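Since the structure comes first, as structure tokens, the remarks are kept for the end.
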Amino acid sequence: ESPTKTFADIGNSALNSENIVSTLDVRFTFDNFVVGVPNELAYAAA
Numbered sequence: 229e230s231p232t233k234t235f236a237d238i239g240n241s242a243l244n245s246e247n248i249v250s251t252l253d254v255r256f257t258f259d260n261f262v263v264g265v266p267n268e269l270a271y272a273a274a
């Protein structure tokens with residue numbers, strides 16, 4: 229079994245937008261962001 233590769237093992241040439249898979253939910257954007265007490269700092273930073 230081969231060990232998990234690190235970014236250093238992969239190299240910069242392999243790190244481009246075609247190789248990156250995101251598990252972020254596309255529904256969660258700042259277009260529908262609800263500002264509340266817990267996330268005021270995040271909203272102000274954006």
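Letter by letter, the sequence shown follows residues 229 to 274 in the working numbering.
Backbone N, C-alpha and C fix where the C-beta goes; we use that ideal spot for every residue, glycine too.
Computed from a predicted model, the values in this text were never measured in an experiment.
How long is the line joining the alpha carbons of VAL262 and TYR271, rounded to whole angstroms? Each residue's Cα considered, the two are about 9 Å apart.
Check whether the Cβ atoms of PHE256 and ALA274 sit closer than 8 Å, and answer yes or no. Cβ atoms of PHE256 and ALA274: not closer than 8 Å.
Could you please give the first and the last residue of the uninterrupted alpha helix (DSSP H) stretch that includes ALA273? Run containing ALA273: 268-273, per the alpha helix (DSSP H) assignment.
Alpha carbon to alpha carbon, how far is THR232 from SER250? Give it in angstroms, no decimals. So the alpha carbons of these two residues sit roughly 18 Å apart.
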